[in-house]
Amino acid sequence: MLLVVLSFFTASQVSGKKKTEPRVVRWVEGQSGCTFVRGDDGKYRWGLWSNDLGVTLAVDSQELQEARHRIGHVFGVELTYRYRGGGSLEVRNDNLSLQFLSHHQIVHPSLDPNHLTGRLQSDADELSYQTEREIRKHPEKRDEFETKLQDFEKETAEWQEFLSTHSLNPVKLDPAKPETAGWVFFSAKDKWIGGWRNPEEFVLRIPLEDRVLEFPFKLPPSQGDLILRKRQ
């Protein structure tokens, strides 16, 4: 009977210890270790240093518009990790989250780049099937249907190439490999997410082994904010 009773309690409860939540390290304007830069490449950058780790969040100034027109309606951020410790630190791409504060504070998890690539291919295959069916029904519109399909397949291929070469990959940082960078995407399609607000407010959360980094940010960061992109 004692064994049955104990099975309803966790090991920490039996020992009298409570599970401690990881500390939250939050980006705060003007606080030590927190930076903000408007780049001439058209990106806003928020930097946060926490002990032995620095993370930079980069968001394109046109990301809200891009997300609406992008296949899959996904919102992208670019992250750079810099590790200065003597041990190691695990970087993951499957446990981040983006909170849409202006839309019922809905939270979306980071998308697996491999699953996203597969979903894009499935959508392209489905459109190809639908196109063939429409051509059989309306042969006089063959050129129109085939042009739309080719445009979609071209954009899909470009997206898949970008995901395979620029996504943030899981890695362990240490003195031999202290830095990594890549893109993380989140779904921006939800029944609770309507038209974008001005400004649009978010919170990006990055769970680590012993802490959670929080980046609250707005697009645009201030009313009427404008970045002049440097010509290539």
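Using the working numbering, read the sequence shown as starting at 966 and increasing by one per residue. From the three backbone atoms N, C-alpha and C, an ideal C-beta is built for every residue, glycine too.
- Within the same chain, 1018, 1054, 1138, 1143 come within 6 Å of residue 1048 by CB-CB distance, once the 5 residues on both sides are set aside.
- With 16 or more other CB atoms across the displayed protein chains lying within 10 angstroms of its CB, residue 1008 is buried.
- Annotation: the continuous beta strand (DSSP E) that includes residue 1144 extends over 1144 to 1152.
- Put simply, of 1000, 988, 1077, 1151 the residue whose alpha carbon is nearest the alpha carbon of residue 1029 is 1151.
- Residue 1045 is bridged by DSSP to 1021, 1146.
- A check of alpha carbon separations from residue 1015 across 1003, 1174, 1184 identifies 1174 as the nearest.
- Non-local C-beta neighbours of residue 1159 in its own chain, meaning closer than 8 Å and more than five positions away in sequence, comprise 1068, ordered along the chain.
- The criterion of a C-beta distance shorter than 8 Å is satisfied by residue 1169 and residue 1042.
- Per the DSSP secondary-structure output, residue 1012 pairs in a beta bridge with 1000, 1021.
- Under the Cβ criterion (8 Å, minimum of three pairs), the segment 1086 to 1094 does not count as touching the segment 1175 to 1183.
- Nearest to residue 1156 by alpha-carbon distance, out of 1038, 1114, 1056, is 1038.
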